[in-house]
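What follows is a set of notes on a single structure, which appears directly below.
Number of protein chains: 2
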Amino acid sequence: MLRGSFLDPSPEELCAFLGHQLGQRDALVQVAGEFEIFYQGRAASVAEAGDYLVIIKPDGSVQVHSQRGVKPVNWQPKTDDLRVVIEDGYAVLIAERYTPPELLRVGFLAPAMVQSLELRDGGSFVLLGSEAEMQAALASDPEIIEAGLTLVDIELPTDVGGIDLLARDAEGRLVVVELKRGKANHEAVHQLSRYVDSVRALLAGNQAPPGIAGVRGVLAAPAVTVPALNRLGVLGLEFKEVTALSPAETREPEQPGLF
Amino acid sequence: MLRGSFLDPSPEELCAFLGHQLGQRDALVQVAGEFEIFYQGRAASVAEAGDYLVIIKPDGSVQVHSQRGVKPVNWQPKTDDLRVVIEDGYAVLIAERYTPPELLRVGFLAPAMVQSLELRDGGSFVLLGSEAEMQAALASDPEIIEAGLTLVDIELPTDVGGIDLLARDAEGRLVVVELKRGKANHEAVHQLSRYVDSVRALLAGNQAPPGIAGVRGVLAAPAVTVPALNRLGVLGLEFKEVTALSPAETREPEQPGLF
DNA sequence: GTTTCGATATCGGTT
DNA sequence: AACCGATGTCGAAAC
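Protein chains in written order, with my numbering: chain L, 637 to 895; chain Z, 637 to 895.
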């Protein structure tokens with residue numbers, strides 16, 4: 637697990653250690669200490685001397701953490717070139733990405749700790765409660781939304797995007813369903829509104845058979861913001877509460893093992 | 637900087653070390669080794685036994701990293717309760733948040749390394765090229781967008797959101813400007829379209845003075861996707877290229893010091 | 001506390 | 001490579 641570690645390395649030691657460990661391409665390397673950080677790419681930023689923790693993963697991703705928050709101060713999701721050089725007596729990490737052109741430089745002013753960890757590839761990871769899961773569940777049983785509802789299509793492409801669920805209600809009307817796994821806001825309402833308009837236009841153009849009165853729009857989400865609900869009312873659209881996690885999933889497992 | 641470190645701690649040692657360091661409320665604590673992770677809250681997830689690096693920051697945020705990517709496998713941005721207990725012979729980290737109710741549990745099956753770092757509060761951080769910066773620049777000089785343009789308002793609220801910039805062109809027409817700091821997509825076009833419609837409706841309702849022919853809509857961004865540009869054409873809206881970073885900022889500094 | 005919006009969003013899938 | 005949409009988005013500002 638722990639491949640190596642240095643305290644208060646000299647610039648040369650740090651440079652050599654990082655060069656060797658990064659060359660291995662399978663180590664997670666960390667450096668903590670007082671650094672300067674410079675970034676230029678999609679935006680540009682400068683962080684003056686301060687204490688940071690740099691993490692370089694074997695996939696070439698780089699992140700620079702301060703003592704606050706889950707989000708790094710600076711980062712580089714992918715790097716095409718990763719190297720450490722000595723400039724003006726300091727070790728400097730240069731992480732470059734070519735498309736989009738981005739450059740991250742970390743000047744190791746006073747490195748206090750550097751170490752290399754070997755993290756083997758992890759076990760399985762399962763996420764429950766994604767929008768994709770909701771969609772699958774509702775597609776297999778549309779009556780969760782409303783009694784008498786039958787599925788027509790999922791991810792039906794329109795000229796303005798894909799409709800999450802298209803169904804037909806007990807009276808034969810088409811129902812456009814827009815899904816959100818979290819609290820739905822006015823943007824979700826607009827998305828739904830666009831889809832409904834698009835389907836209505838399609839029906840009008842196709843000279844829909846008589847008897848099909850209209851097209852309904854349903855926003856299905858575990859919750860909705862007040863403005864979004866108001867807007868739904870104005871537009872003649874509906875809200876249906878559906879939970880992302882089924883009750884079975886929200887219960888604690890009965891025989892949890894470690895948990 | 638480095639406050640303490642253990643290799644291959646026993647569950648009791650790990651529990652005691654974490655308990656003490658987390659009690660200090662000013663240390664960044666890391667644990668690396670083979671863990672199991674369980675999350676339940678807005679969604680739910682289980683990560684089976686694998687190698688991970690856990691980072692607990694002094695602000696109570698927790699992140700669990702695998703050997704890939706800048707994004708943690710699991711995380712907790714804020715915690716209301718953070719504790720370590722021993723269950724079934726293993727040390728277990730419990731990170732709870734009350735609103736929304738969320739629970740993160742990390743079972744330390746085989747901790748290989750635990751350490752505590754003290755990161756002092758950093759120096760200044762400056763970011764250039766944000767949308768806010770673009771907005772300020774264009775508000776102070778609307779002619780960057782088009783000759784003869786004068787500013788009417790910024791962040792003007794409508795019933796569907798705030799208009800980034802509202803201006804008047806040389807012919808007296810209102811110009812709704814939507815800003816994007818990155819490549820604009822069809823969602824941005826739709827946002828602009830909504831604002832334009834809203835302003836047009838407002839003018840119609842207010843019985844606009846004769847002579848004001850119409851309302852223009854301009855999407856101002858460094859680039860635009862092909863579908864978005866097509867949609868702009870259909871809707872009778874315009875695109876204007878503006879860069880987020882001024883040429884001076886995109887140039888390398890002439891006397892960079894460390895950089 | 002709720003809502004909204006920006007972000008160097010990241011990330012994965014599809015075209 | 002470009003584009004699109006979800007995200008346990010995060011995080012800050014406005015209300």
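Just so you know, even glycine gets a beta-carbon here, dropped at the ideal spot from N, CA and C.
Predicted model, so just to flag it, every value in this text is computed and none were measured.
Mind checking L:Gly841: buried by the 16 CB within 10 Å criterion, or exposed? Per the 10 Å Cβ criterion, exposed.
Where does the unbroken alpha helix (DSSP H) through L:Tyr831 begin, and where does it stop? Residues 822 to 841.
Nearest chain L C-beta to Z:Gly705 closer than 8 Å, yes or no? Yes, Z:Gly705 counts as interfacial toward chain L.
Beta-carbon proximity list for L:Pro694, same chain, < 7 Å, skipping 5 on both sides: If we look at L:Pro694 and ignore the five residues flanking it on each side, its Cβ neighbours are Arg661, Asp662, Ala663, Leu664.
Just curious, the alpha helix (DSSP H) that L:Gly655 is in, first and last residue? L:Gly655 -> alpha helix (DSSP H) spans 647 to 660.
In DSSP terms, what Z:Ile781 is bridged to: Its beta-bridge partners do not exist; DSSP assigns none.
Please check the pair Z:Pro647 and Z:Gly725, which I expect to be a contact at CB under 8 Å, by giving their CB distance rounded to whole angstroms. The beta-carbon separation of Z:Pro647 and Z:Gly725, rounded to 6 Å, stays under the 8 Å limit for a contact.
Is there a Cβ from chain Z that is less than 8 Å from the Cβ of L:Ser646? Taking 8 Å as the CB threshold, L:Ser646 stays off the interface with chain Z.
Taking the Cβ atom as the reference point for each residue, do Z:Ser697 and Z:Gln712 lie within a distance shorter than 8 Å? The answer is yes: Cβ separation under 8 Å.
With the cut-off set at 8 Å, would you say L:Asp716 and L:Glu732 are in Cβ contact? In this structure, L:Asp716 sits near L:Glu732, with a CB-CB distance shorter than 8 Å.
Check the Cβ-Cβ distances between L:Gln699 and every residue of chain Z, and say whether any is below 8 Å. Closer than 8 Å to some Cβ of chain Z, the Cβ of L:Gln699 qualifies, so yes.
For L:Gly655, decide whether its Cβ has a neighbour in chain Z, counting only Cβ atoms nearer than 8 Å. Output row for L:Gly655: interface = no.
Which word fits Z:Gly853, buried or exposed, when buried means at least 16 other C-beta atoms lie within 10 angstroms of its C-beta? With 16 or more other Cβ atoms within 10 Å, it is buried.
Integer-rounded CB distance, given that Z:Arg830 should sit under 8 Å from L:His826: A Cβ-Cβ separation of about 7 Å places L:His826 in contact with Z:Arg830 under the 8 Å criterion.
Beta bridge counterpart(s) of Z:Gly743 as assigned by DSSP: Z:Gly743 is bridged to Z:Glu672, Z:Val728.
Against Z:Gly669, what residues of chain L qualify as contacts under a CB-to-CB distance less than 7 Å, listed in chain order? One finds Met637 in chain L with Cβ atoms closer than 7 Å to the Cβ of Z:Gly669, taken in chain order.
Alpha carbon to alpha carbon, how far is Z:Leu871 from L:Ala768? Between Z:Leu871 and L:Ala768, the C-alpha separation is close to 32 Å.
The beta strand (DSSP E) with Z:Ala856 in it runs from where to where? Counted as a single uninterrupted DSSP element, the beta strand (DSSP E) harbouring Z:Ala856 occupies residues 851 to 857.
Using CA coordinates, which residue listed in L:Phe671, L:Val721, L:Ala679 is at the minimum distance from L:Val700? For the residues L:Phe671, L:Val721, L:Ala679, the minimum Cα distance to L:Val700 belongs to L:Phe671.
Local Cβ density within 10 Å of L:Ala810, reported as buried at 16 or more and exposed below that: It should be noted that the sequence gives Leu, not Ala, for residue 810 of chain L. Burial state of L:Leu810 is buried, judged by a 10 Å Cβ sphere holding 16 or more other Cβ atoms.
If you compare alpha carbons, which of L:Arg678, L:Ala679, L:Gly669 is closest to L:Ala685? Of the listed residues, the one whose Cα sits closest to L:Ala685 is L:Gly669.
Enumerate in chain order the residues of its own chain whose CB-to-CB distance from L:Asp762 is below 6 Å, with the five nearest sequence positions on each side excluded. The residue asked about is misnamed: residue 762 of chain L is Val in this sequence, not Asp. The answer is none, since no qualifying residue turns up.
Consult DSSP for L:Ala773 and reduce its assignment to one of helix, strand or coil. The three-state secondary structure of L:Ala773, taken from DSSP, is helix.
Reference L:Val835, options L:Ala806, L:Leu792, L:Val860, L:Ala864, closest by Cα: If we check each option's Cα against that of L:Val835, L:Leu792 comes out closest.
When the Cα atoms are used, what is the spatial distance from Z:Tyr880 to Z:Val728? Before going on, a small fix: residue 880 of chain Z reads as Ala here, not Tyr. Taking the straight line from one Cα to the other gives about 46 Å.
With distance defined between alpha-carbon atoms, name the residue in Z:Val862, Z:His656, Z:Val796, Z:Gly798 nearest to Z:Leu718. Among Z:Val862, Z:His656, Z:Val796, Z:Gly798, the Cα nearest to that of Z:Leu718 belongs to Z:His656.
Skipping 5 residues on each side, what residues in its chain have a beta carbon closer than 8 Å to that of Z:Arg817? Correct list, in chain order: Gly765, Ser766, Glu767, Met770, Ala857, Pro858, Ala880.
Simplified DSSP state of L:Thr879, which is helix, strand or coil: Secondary structure of L:Thr879 (DSSP, three-state): coil.
Closest Cβ-Cβ distance between Z:Glu684 and chain L: below 8 Å? Nearest CB-CB separation between Z:Glu684 and chain L: below the 8 Å threshold.
Within 10 Å of its beta-carbon, does L:Tyr734 have 16 or more other beta-carbons around it, so buried, or fewer, so exposed? By the neighbour-count rule (16 or more Cβ atoms within 10 Å), L:Tyr734 is not buried but exposed.
What three-state label does DSSP hand L:Pro793 in the structure shown? Three-state result, L:Pro793: strand.
If we cut at 8 Å on Cβ distances, does Z:Ser760 have a partner in chain L? So, interface residue.
Going by the beta-carbon positions, is the gap between L:Ile593 and L:Val813 smaller than 8 Å? The shown model of chain L, from 637 to 895, leaves out residue 593 of chain L, and the question about it has no answer.
Please determine if the region 749 to 756 of chain Z and the region 772 to 791 of chain Z are in contact, where contact requires at least 3 C-beta pairs separated by less than 8 Å. With the cut-off at 8 Å, the region 749 to 756 of chain Z and the region 772 to 791 of chain Z do not touch.
What three-state label does DSSP hand L:Gly798 in the structure shown? Looking at L:Gly798 - three-state DSSP - the assignment turns out to be strand.
Simplified DSSP state of Z:Arg817, which is helix, strand or coil: For Z:Arg817, the secondary structure class from DSSP, reduced to helix, strand or coil, is coil.
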